[in-house]
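Residue numbers (my numbering): 3 to 677.
Report on the following structure.
Now the structure itself:
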């Protein structure tokens, strides 16, 4: 190996060697150096870049090992949406899709498709400008996704700079981030050794790896990216999808070796049969195949339905199934109080995984499928992931079987189990007391918009709960410094800071206190409306349903949820303990109405001077309500910079539009009484 004594030349030499090693290892499966040699070269490059910071560049191999952690994910907007695909599950359904194509393109004598595996991973959009990777985002809702650039940069087969010279000035490549099956098993073994919960499947592991706030965690997991299309582009890439993907390969991307041109229906059926036979031997999980019209000009003619392109289809593989016995059906209570029936199954191997439990989701699902204890059922891993009871084999049902009944009392705490008319789920109403909801209740109580107890995060709450130090939110106010200091990694300063935060939370607002109780159906807006209407906790707790319904936006369903919550003795005990601990608030001035009384407003985009929270508070103080969804019931849409898709929907519904200055003028007009 020739080594230069000139730092700049040596840095370039090292980058060339390391990038060649990356290509050989991750794209060609033909390593050209040992791991130890690679690590030595990478360490030398990192040392040189630290000694000569002016030589560090964004696409250096050292940047793949992960930057500093971020506090949250930003948002990425897509001018060309990332749409979903329609699915078929049988040769007959695929044949019908093929015939629809033929009818839509009668003059095309030789219709060519592309066929490729449908990788079971996380879809991402990679944006390159001037050949350099500048941004990466998840699919999200198709229009907005999460910015995961810092993590995608750690994926070794994602070029930080495009190879060759024939790439456009601007190009968005779209594809799937996946985790190899072998790496998934290694990762789970490591997690189990550390006492962590293993990932359910490679897709969850890939998604969890890509959504790490600390990219150094992502860098330790061998994710891979396979492109399957493109979004925004500054110039035409060509007319053939297969040829465009081959062009991507010349730029440095790993294009699946199973990409095929498909010239007729028989070829498509043969390709599906071949890939289904190879599925279990593949290094990555696939859950089907994707077929697309290869000619991009024909795609433009075919267009889109409301949700998916007409020129593409996903032919999903059948999920693996097995029959087993339902040994019991138990009611499981989640952190939010939802009571879920769960079938306890005689363990059975399904798609290589031993399945012993299957969620039945809710009482309606149990009734619909008529699942009973003692039944023999057909179990499927839906999408080859989630255990699901497909059907009951009725001819094997015992004569003594009985329909399952949802318990009327929580199996954990004994509180009433309630199902509201507009919901499918049953819930335990003892949210302040129920041990199953303890974690969720404490985290919600301490959250920023509730009691705002900073520093009381999930890890600390887990320790407090696991050690039996906090059983209800009222116990937070009994914590002592020596108790906190006994916890792992808790220092004197951190303990005192947390105690100060808890003490400061004793002085609060009535609306915040109501929201912090975690009453089902009572969000921030409803809590404020209740506080302004009743002004007093005792009056609210004693209010009958008809009085509750007099509050704006509180209908019979919300009133029932509130009434049942306060009817639980254990909830009242916790509330009294909170008051005894010194929680208090100033008297509430009852709402006298305002310029926006009864009006609904949607906020979209960034306002020049008001934060979203400040704008919401001003609107609510004037009697208005901020809602998230645009509908015909909305009175105004308040528009800032980069408003997104909500503005277009509001314009289509002819909803009046306000900018920040118009909103402030309206609020000021109301403040002056000149309505």
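Note that the Cβ used here is the ideal one computed from N, Cα and C, for glycine as well.
Three-way DSSP call (helix, strand, coil) for residue i in this model
| i | result |
| --- | --- |
| residue 573 | helix |
| residue 356 | strand |
| residue 304 | helix |
| residue 314 | strand |
| residue 125 | strand |
| residue 404 | coil |
| residue 323 | strand |
| residue 351 | strand |
| residue 346 | strand |
| residue 131 | strand |
| residue 268 | helix |
| residue 64 | helix |
| residue 479 | helix |
| residue 257 | coil |
| residue 245 | helix |
| residue 9 | helix |
| residue 371 | helix |
| residue 89 | strand |
| residue 459 | coil |
| residue 666 | helix |
| residue 637 | coil |
| residue 711 | Beyond the ends of the chain as shown, which are 3 and 677, falls residue 711; an answer cannot be given. |
| residue 519 | coil |
| residue 228 | strand |
| residue 444 | helix |
| residue 205 | helix |
| residue 287 | coil |
Rounded Cβ spacing between residue i and residue j (contact assumed at less than 8 Å)
| i | j | result |
| --- | --- | --- |
| residue 317 | residue 286 | Not really, about 17 Å apart at Cβ, beyond 8 Å. |
| residue 570 | residue 417 | 5 Å |
| residue 381 | residue 425 | In fact, because the Cβ distance is near 27 Å, the residues do not count as touching under 8 Å. |
| residue 265 | residue 112 | 7 Å |
| residue 760 | residue 389 | No answer is possible for residue 760: the residues shown for the chain start at 3 and end at 677. |
Check whether residue i and residue j have beta carbons under 8 Å apart
| i | j | result |
| --- | --- | --- |
| residue 670 | residue 585 | no |
| residue 401 | residue 336 | no |
| residue 116 | residue 271 | no |
| residue 445 | residue 460 | yes |
| residue 442 | residue 415 | no |
| residue 91 | residue 175 | no |
| residue 288 | residue 119 | yes |
| residue 632 | residue 616 | no |
| residue 649 | residue 606 | yes |
| residue 504 | residue 479 | yes |
| residue 658 | residue 638 | yes |
| residue 550 | residue 559 | no |
| residue 628 | residue 622 | yes |
Contact set for residue i: own chain, Cβ-Cβ below 6 Å, skip 5 residues either direction
| i | result |
| --- | --- |
| residue 486 | 492, 497 |
| residue 599 | 625 |
| residue 608 | 642, 643 |
| residue 536 | 542 |
| residue 1 | Because the chain is modelled from 3 through 677, residue 1 falls outside the range shown and cannot be assessed. |
| residue 392 | 380, 382 |
| residue 230 | 177 |
| residue 8 | none |
| residue 677 | Residue placement at residue 677 is poorly supported in this model, since its pLDDT is 39, which falls under 50; the coordinates still yield a value, given next. If we look at residue 677 and ignore the five residues flanking it on each side, its Cβ neighbours are 597. |
| residue 334 | 342, 344 |
| residue 52 | none |
Residues of its chain near residue i, where Cβ-Cβ distance is below 7 Å and the 5 sequence neighbours each way are ignored
| i | result |
| --- | --- |
| residue 82 | 233, 234 |
| residue 500 | 457, 458, 486 |
| residue 590 | 512, 533, 534, 537 |
| residue 553 | 531, 532, 535 |
| residue 253 | 161, 164, 165, 166, 169 |
| residue 99 | 90, 315 |
| residue 647 | 145 |
| residue 680 | This structure gives no information on residue 680, because the portion of the chain shown stretches from 3 to 677. |
Beta-carbon proximity list for residue i, same chain, < 8 Å, skipping 5 on both sides
| i | result |
| --- | --- |
| residue 208 | 123, 124, 179, 180, 181, 225 |
| residue 667 | none |
| residue 490 | 465 |
| residue 141 | 84, 124, 125, 126, 127, 147 |
| residue 130 | 136, 164, 169, 172, 173, 174, 175 |
| residue 403 | 374, 375, 376, 377 |
| residue 21 | 63 |
To test your reading of the DSSP string, which unbroken beta strand (DSSP E) runs of 3 or more residues are found completely within the stretch 536-617?
Counting only runs of 3 or more, we get 602-606.
Any beta strand (DSSP E) of 3 or more consecutive residues that is wholly inside the stretch 95-125
115-121
What ranges does the beta strand (DSSP E) occupy inside the stretch 172-197, keeping only unbroken runs of at least 3 residues that lie completely in it?
172-180
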